[in-house]
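Notes follow once the structure below has been shown.
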Amino acid sequence: MEPKIGVYICHCGSNIAGIVDCSKVTEFARSLPNVAVARDYKYMCSDPGQNLIKEDIKKLGLNRVVVASCSPRMHEPTFRRACQDAGLNQYLFEMANIREQCSWVHLDKDMATEKAKALVSAAVHRVALHEPLETKEVAMNPCTLVIGGGVAGIQAALEIADSGHKVYLLEKEPSIGGHMAMFDKTFPTLDCAACILTPKMTSVGQNRNIELLAYSELVELSGYIGNFKAKIRKKARYINAVKCTGCGRCSELCPTSLPNEFDCGLGQRKAIYISSPYAVPNKAIIDAKNCRHIKGLADGKDICRLCQKGIEKKGMPGCEADAIDFNQKDEIIEIEIGNIIVATGFQQFDPAKIYQLGYGRLNNVVTGLEFERLTNASGPTGGKVLLKDGSEPKSIAILHCIGSRDTNYHKYCSRVCCMYSLKFAHLLREKLPEASVYQLYIDMRCAGSGYEEFYERLQEEGVNFIRGKAGEVTDLTETPEEKGKLMVMVEDTLVRRKRRLPVDMVILSCALEPRPDTEQLARILTLSRKADGFFLEKHPKLDPVATTTDGVYVVGCCQSPKDIPDTVAQASAAAARVLALISMGKVEIEAAIAFIDEEKCSGCKICLDLCPYKAISFDEAKKVSRVNEALCKGCGTCVAACPSGAIKGRHFTTEEIMAEIEGVLA
Amino acid sequence: MTHYPYYPGCGLSPEGFGRAFDWSIKGVNKVLGLDFKEIPDWNCCGTVPYDTLHEEASFAICARNLALAEKMGGDLVAPCSSCYVFLSRTNQYLAQYSKVKKSVDEALAAGGLEYHGKVKVRKVLDVYVHDVGFDAIASKVKKNLAGLKVACYYGCQEVRPIFGRDHPENPKYMDKLVKALGADAVNFPFKSACCGGSLIISEEDASLELIKKLLDSAVSNGAEVMVTGCPLCQLNVDAYQSMVNRKYKTDYHLPVLFFTQLMGVAFGLDEKELGLKTSIVPAKKALAKFI
Amino acid sequence: MPEAKTTTFIDEICAIPGGEDIRVCIQCGTCTASCPNADRMEHTPSHLIAMARAGMRDEVLSSNGMWLCLSCYLCVVRCPRDIKITRLMHVLESLSARAGLNSRRTTTPIMYKGFNKYITNTGRISELWMMVGYYFRTGLLKAIGMLPVALSLFTHRRVSLKIDKMKPEGIKQLQAIIEKAESSGGAR
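Residue numbers (the numbering used here), protein chains in the order written: chain A, 69 to 734; chain B, 6 to 296; chain C, -7 to 180.
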């Protein structure tokens, strides 16, 4: 059938028409081969714009369509749908990008118009060779894997599980809860973090649809949306989790004390321990690196085992549930899921990298997280804010932007520090009403519901706000009054004076940064990362929780620093996306993918390693490569690499690409 | 023997106030098997005064020295911290700003020279630490300086702005060098603080205050001698120590040596060769056990 | 052709390589907090930047602030926006001297001028004669206070009456280079 092409030039308001002479381009399009009709319109993506196309297809019998407008990333689905609605196969459509690749990047109107013509010509030449293609559907596995058991992962898991679908919740640490479980209060409402989080944690533990895989890690992932297979390492706890009742007697018996991670090392735990008072699962775990018995086993000795045996003399029996298993090994399990939600969170910036702030060198310079533990009733001081020597601080400086907004460390603003610094100030005013509290800030960023109001409240509470970033914290004092104090150097930029601020305690409001395993996880899940290291979302505005890997979603702080409300909102959004797919029961896959001509395939396997989506497998019986149609993204890497020319990219055939090039040059 | 082009700068010239640095470098080099070959007819780097008042030509005069060094080949050693900063900075600006490159190329051409940006500028300490190494240095020690308490004073520009290879605020490699000689490097929190630089002349009060802080810190931490790798730091803390004492009613007698002089002592070199007597605060007492 | 834009003070600063950093300052004051001489300045480094961006040309150029910069680079390594503040201070000094506005409350410009004279004439600096020249111009009283230091420098062979000069051909070459650079306006 002879091609009969309709060409539609979009003005995009003044975005395109401001630089490109659209009527000239339309005129030019009419002169191109096989073009039956060419029109220009203010907004092609609008309903009237789409109707133009639909009517032309029906009335003029068009069998090919070209729209010259924005990026295909933006509106290709829109126009494909319009074609399909009018009865035309969606692959008989081609888009020319005359906005991002033309009007937005050029200033010379005449030259830009010429370039737009060339791009339209390319699309017209190409579309003439397009073939109708059919998309395929695959069944959707209704199980979901949530990676990360912080507030984001908990929220997503509960929402999916509550609608009756199975969720595997994977957590690296012995207990779920994440950073939020360490917090004291939450801004701006001052809800107790534990009071609002622990009910959710308990629900996770009790929900029949949630299989909690605590102290476990993702090792490998294969498959594709709807049909993923994940290998998970369940690390040895050295405890039979079924038998353990969480009574905690083993910890009392254990003779080895170690810094408690949950208290940022400020408090102590034992080598056999339950990680926090509200741990879920509430099961003990043995720190194998530090357990005397396990270390002894390596040398063939049988020592200690007090947790198991108890101390008879003191009348303290050992584990009565017989839950301790020193011979437990890591276990690899395999699960099948349809979707994955990544909620791995963040890590706190290590301020010891900034030498001049004294962290790690000077006593009573603490991080935000350390302060959370110091002020938390379940923390090492029982919620009393105390200095290293056990006394109460009389003056405290809270230093903003530590590691954030700093080209030497992280360029980005961590978004939550202004607010949590205000929260710290409030807790200090409450607990130590006599103490002076200073906030050293560059800009107060309090954008959020009730946030500015909270800032005003803190001003009213008598906190001293100094507009300036601290340059240095030192214990080198100059006068008798300064003796024993920490000196904070800052310019009060509102009065333009350098100040030496003597304080007893310095709290560093540290940046939120990507976790160190982000890169490894990105590799396993084939996710991209942004320049700042966080996971890249599919579209920052219009598709903020999806990723370029279909079926994998990113939520919470692993995507960018954010507060609890935003994190929870994202988790719910991703849960809704997953539930929508589950209720569809199937998923459509792109037809523009690679296709291997088995006759021509020499079985050299070059394509296997090159495929970034692990979509090619090898058929050992026939000695040929095979493309998994659900996994292939149509990137074309294998097409270009195949030495025997056996691989064809559907919708990107050599003929189509050559025609496109000819069109540009015509 | 390893050869390096050498830019002594005005401070280390035969009539310069830091001439003992030059002498001791040469003495130590003989022991370590290094050869610093002076750039023929070098000119002053211009340092801050020229940069501020003759900003148009300040890159060009530095580039003249770099062009001369480039002809000789190898890394250029500039012992003086200020020379080092200004020569390194010229490289940086030539690479970063095409307009600087154009102006400098034209100016050099007027003097019949050209520069292709190939000269890496380094400090003596950097060469000793990274090219020779602590072990090789320790192996040359004849008089172990055991028991000598030394404050290692890097000054600002040894490690700043960014050309250095050590931490810009808490450098350690001079401390390690001193330890390789057998001596103790005392805790000295002011190790990279400023001595007042050339403003000792025009802003005497400000600079004396800074020198006093250095002395307070070094002496209170038990230092018997201070070593540095910057001629201006050495001059300020040494020559103006008596003024500090007068102004602040203190009584400091802390000898301030170039680290190369201390190396020379440990290598058993002659006191004269090292110019120990050019120190205004005498070092004799502190070093009595070793010379 | 668009009309020629009037050159603002900030344009003047940005025209000098390194000066353009002034645009990205976030006024956090880290430079001032790190500066050993900030207390003696009429305007702190970050204040000078703010004033310059507000177009307060004469106030900035007649301040003593930049002349008190010790070039210790502590601000540069700490600046969260990677601004080369030391260079910026030198740029302000340059513009100040050029405009004849340099502060009378510091004698640093006089010292710098004396220093530079030696570079142009002999290619190298003589510490002794530079200081003599400086004290001659700024007041002999101060010089008397300095006599003990000067004397001790003499007796320890730290300064010479002799001036270490370049060779005549070298000086000629250097002067040709300087002349060319200045006549072309440097990198502006």
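Don't be surprised by glycine CBs; every beta carbon is placed ideally from N, CA and C. Computed from a predicted structure; not experimentally measured.
Original post:
For a contact meaning CB atoms closer than 7 Å, what does Asp194 (chain B) contact in chain A?
Top reply: In the second sequence, counting from the first residue as 1, residue 194 (chain B) sits at position 189. Residue identity differs from the one stated: residue 194 (chain B) is Pro in this sequence, not Asp. Ordered by position in chain A, the residues that pass the 7 Å Cβ test against Pro194 (chain B) are Leu544.
**OP:** Name, in chain order, the residues that DSSP records as bridge partners for Ile657 (chain A).
**Re:** Here residue 657 (chain A) refers to the residue found at position 589 when the first sequence is read from its first residue. Answer is A:Lys204.
Subject >> 6 Å Cβ shell around Ala83 (chain B) - same chain, five flanking residues per side excluded >> reply: Within the second sequence, numbered from 1, the residue matching residue 83 (chain B) stands at position 78. Counting only Cβ-Cβ distances below 6 Å, and skipping sequence neighbours, we find Tyr12, Tyr89, Leu92, Val126.
**OP:** Using the Cα positions of Ser446 (chain A) and Glu440 (chain A), report the straight-line distance between them to the nearest angstrom.
**Re:** One-based indexing of the first sequence puts residue 446 (chain A) at position 378. One-based indexing of the first sequence puts residue 440 (chain A) at position 372. Roughly 10 Å between the two C-alpha positions.
Subject >> Three-way DSSP call (helix, strand, coil) for Asp393 (chain A) in this model >> reply: What you label residue 393 (chain A) is simply residue 325 of the first sequence in a count that begins at 1. Note: Asp393 (chain A) maps to coil in three-state DSSP.
Original post:
Under 7 Å between the Cβ atoms of Tyr149 (chain C) and Thr283 (chain B)?
Top reply: Here residue 149 (chain C) refers to the residue found at position 157 of the third sequence. Here residue 283 (chain B) refers to the residue found at position 278 of the second sequence. Residue 149 (chain C) is actually Arg in this sequence, not Tyr. Yes.
**OP:** Determine the DSSP secondary structure at Asp101 (chain A), reduced to helix, strand or coil.
**Re:** Indexing the first sequence from 1 puts residue 101 (chain A) at position 33. Reading off the sequence, residue 101 (chain A) comes out as Pro, not Asp. In the three-state scheme derived from DSSP, where H, G and I count as helix and E and B as strand, Pro101 (chain A) is classed as coil.
Subject >> Asn113 (chain C) classed as buried or exposed, judged by whether at least 16 other C-beta atoms fall within 10 angstroms >> reply: The residue you call residue 113 (chain C) lines up with position 121 of the third sequence. With fewer than 16 other Cβ atoms within 10 Å, it is exposed.
**OP:** Leaving aside the five residues before and after Arg473 (chain A) along the sequence, list all residues of the same chain whose C-beta is less than 6 Å from its C-beta, in chain order.
**Re:** Locating residue 473 (chain A) in the first sequence gives position 405, where the first residue counts as 1. These residues qualify, in order along the chain: Cys481.
Original post:
Looking at Ala411 (chain A) and Gly221 (chain A), is the spacing between their C-beta atoms short of 7 Å?
Top reply: Reading the first sequence from its first residue, position 153 is the one you call residue 221 (chain A). Reading the first sequence from its first residue, position 343 is the one you call residue 411 (chain A). Yes, the Cβ-Cβ distance between Gly221 (chain A) and Ala411 (chain A) is below 7 Å.
Original post:
So is Asp156 (chain C) in contact with chain B if we call contact Cβ pairs under 7 Å?
Top reply: The residue given as residue 156 (chain C) occupies position 164 in the third sequence. Answer yes: the Cβ-Cβ gap between Asp156 (chain C) and chain B drops below 7 Å somewhere.
Subject >> According to DSSP, residues forming a beta bridge with Met58 (chain C) >> reply: Here the question's residue 58 (chain C) lines up with position 66 in the third sequence. In the DSSP output, where bridge partners are listed per residue, Met58 (chain C) has none listed.
Subject >> Test: Lys177 (chain A) CB closer than 7 Å to a CB of chain C >> reply: What you label residue 177 (chain A) is simply residue 109 of the first sequence in a count that begins at 1. Cβ-Cβ to chain C under 7 Å: no for Lys177 (chain A).
Subject >> Interface partners of Tyr423 (chain A) on chain B, CB under 9 Å >> reply: As a first step, residue 423 (chain A) must be located in the first sequence, where it is residue number 355. Those are His172, Pro173, Glu174, Asn175, listed as they occur along chain B.
**OP:** Taking the CB atoms as reference points, tell me whether Ser325 (chain A) and Ile340 (chain A) lie closer together than 7 Å.
**Re:** For this step, residue 325 (chain A) is matched to residue 257 along the first sequence. For this step, residue 340 (chain A) is matched to residue 272 along the first sequence. Going by C-beta atoms, Ser325 (chain A) is not nearer than 7 Å to Ile340 (chain A).
Subject >> chain C residues whose Cβ lies nearer than 8 Å to that of Arg69 (chain B) >> reply: Position 64 of the second sequence, counted from the first residue, corresponds to residue 69 (chain B). Gln165, Leu166, Ile169, listed in chain order.
**OP:** Can you check DSSP and say which residues form a bridge with Gly291 (chain A)?
**Re:** As a first step, residue 291 (chain A) is located in the first sequence; it is residue number 223 there, counting from the start. The partner list for Gly291 (chain A) (beta bridge, DSSP) reads A:Phe296.
**OP:** Only counting runs of 4 or more residues, tell me where the alpha helix (DSSP H) segments fall wholly within the region 437 to 507 of chain A, in order along the chain.
**Re:** 485 to 499
Subject >> Lys294 (chain B) classed as buried or exposed, judged by whether at least 16 other C-beta atoms fall within 10 angstroms >> reply: Here the question's residue 294 (chain B) lines up with position 289 in the second sequence. Under this definition Lys294 (chain B) is an exposed residue.
Original post:
Whose C-alpha, out of A:Met69, A:Arg337, A:Pro570, A:Ser712, is nearest the C-alpha of Glu667 (chain A)?
Top reply: Position 599 of the first sequence, counting from 1, holds the residue named residue 667 (chain A). Checked all of A:Met69, A:Arg337, A:Pro570, A:Ser712; the closest Cα to Glu667 (chain A) is A:Ser712.
Original post:
In chain C, what lies closer than 9 Å to Thr283 (chain B) by C-beta?
Top reply: Residue 283 (chain B) sits at position 278 when you count from the first residue of the second sequence. Chain C residues near Thr283 (chain B): His148, Arg149, Arg150.
**OP:** Check whether the Cβ atoms of Ile44 (chain B) and Leu17 (chain B) sit closer than 7 Å, and answer yes or no.
**Re:** For the purposes of this step, residue 44 (chain B) is identified with residue 39 of the second sequence, where counting begins at 1. For the purposes of this step, residue 17 (chain B) is identified with residue 12 of the second sequence, where counting begins at 1. At least 7 Å separates the beta-carbon of Ile44 (chain B) from that of Leu17 (chain B).
Subject >> Minimum Cβ-Cβ distance from Asn96 (chain B) to chain C less than 7 Å >> reply: Against the second sequence, residue 96 (chain B) aligns to sequence position 91. No, Asn96 (chain B) does not count as interfacial toward chain C.
Subject >> Residues near Ala244 (chain B) by beta carbon distance below 6 Å, same chain, minus five either side >> reply: Reading the second sequence from its first residue, position 239 is the one you call residue 244 (chain B). Result list for Ala244 (chain B): Ile285, in chain order.
Original post:
Which residue comes first and which comes last in the alpha helix (DSSP H) that contains Ala184 (chain A)?
Top reply: Your numbering for residue 184 (chain A) matches position 116 in the first sequence. From DSSP, the alpha helix (DSSP H) with Ala184 (chain A) extends over 177 to 195.
Original post:
Does any C-beta atom of chain B lie closer than 7 Å to the C-beta of Met103 (chain C)?
Top reply: Numbered from its first residue, the third sequence carries residue 103 (chain C) at position 111. Met103 (chain C) counts as touching chain B.
Original post:
For Lys566 (chain A) and chain C, any beta-carbon pair shorter than 7 Å?
Top reply: Walking along the first sequence from the start, residue 566 (chain A) turns up at place 498. Yes, because at least one Cβ of chain C sits closer than 7 Å to the Cβ of Lys566 (chain A).
**OP:** Mind listing the chain B neighbours of Phe1 (chain C)? Cutoff is C-beta to C-beta under 8 Å, in chain order.
**Re:** As a working mapping, residue 1 (chain C) is identified with position 9 in the third sequence. In chain order: nothing, as chain B lies at least about 16 Å away.
**OP:** Might you give, ordered along the chain, the residues of its own chain that have their beta carbon closer than 7 Å to the beta carbon of Asn250 (chain B), omitting 5 neighbours on each side?
**Re:** One-based indexing of the second sequence puts residue 250 (chain B) at position 245. Once the five neighbours on either side are set aside, the close Cβ partners of Asn250 (chain B) are Asp256, Tyr257.
Original post:
Taking the DSSP output, what are the residues bridged to Cys157 (chain B)?
Top reply: The count along the second sequence starts at 1 and reaches residue 157 (chain B) at position 152. Looking at the DSSP assignment, Cys157 (chain B) forms a beta bridge with B:Val232.
Original post:
Can you tell me the Cα-Cα spacing of Ala590 (chain A) and Leu204 (chain B), whole angstroms?
Top reply: As a working mapping, residue 590 (chain A) is identified with position 522 in the first sequence. As a working mapping, residue 204 (chain B) is identified with position 199 in the second sequence. So the alpha carbons of these two residues sit roughly 54 Å apart.
Subject >> Pair within 7 Å by beta-carbon distance, Gly671 (chain A) and Val695 (chain A) >> reply: Taking the first sequence and counting its residues from 1, one reaches residue 671 (chain A) at position 603. Taking the first sequence and counting its residues from 1, one reaches residue 695 (chain A) at position 627. Not in contact: Gly671 (chain A) and Val695 (chain A) (Cβ atoms no closer than 7 Å).
**OP:** Measuring only between beta-carbons, confirm whether Thr475 (chain A) sits less than 7 Å from chain C.
**Re:** Sequence index remark: in the first sequence, residue 475 (chain A) carries index 407 (1-based). Yes, its Cβ sits closer than 7 Å to a Cβ of chain C.
**OP:** Grab the span of the beta strand (DSSP E) containing Asn96 (chain B) for me, first residue to last.
**Re:** Position 91 of the second sequence, counted from the start, is the residue given in the question as residue 96 (chain B). Premise fails: Asn96 (chain B) lies in the alpha helix (DSSP H), 86 to 101, not in any beta strand (DSSP E).
Original post:
Is it a yes or a no for the region 596 to 606 of chain A touching the region 379 to 394 of chain A, going by three-plus beta-carbon pairs under 8 Å?
Top reply: Using a Cβ-Cβ distance cut-off of 8 Å, the region 596 to 606 of chain A and the region 379 to 394 of chain A are not in contact, since fewer than three pairs of beta carbons, one from each stretch, lie closer than that value.
**OP:** Can you give me the Cβ contacts of Gly308 (chain B) inside the same chain, cut-off strictly under 7 Å, excluding the 5 residues immediately before and after it?
**Re:** The displayed coordinates of chain B run from 6 to 296. Any statement about residue 308 (chain B) would go beyond what the structure contains.
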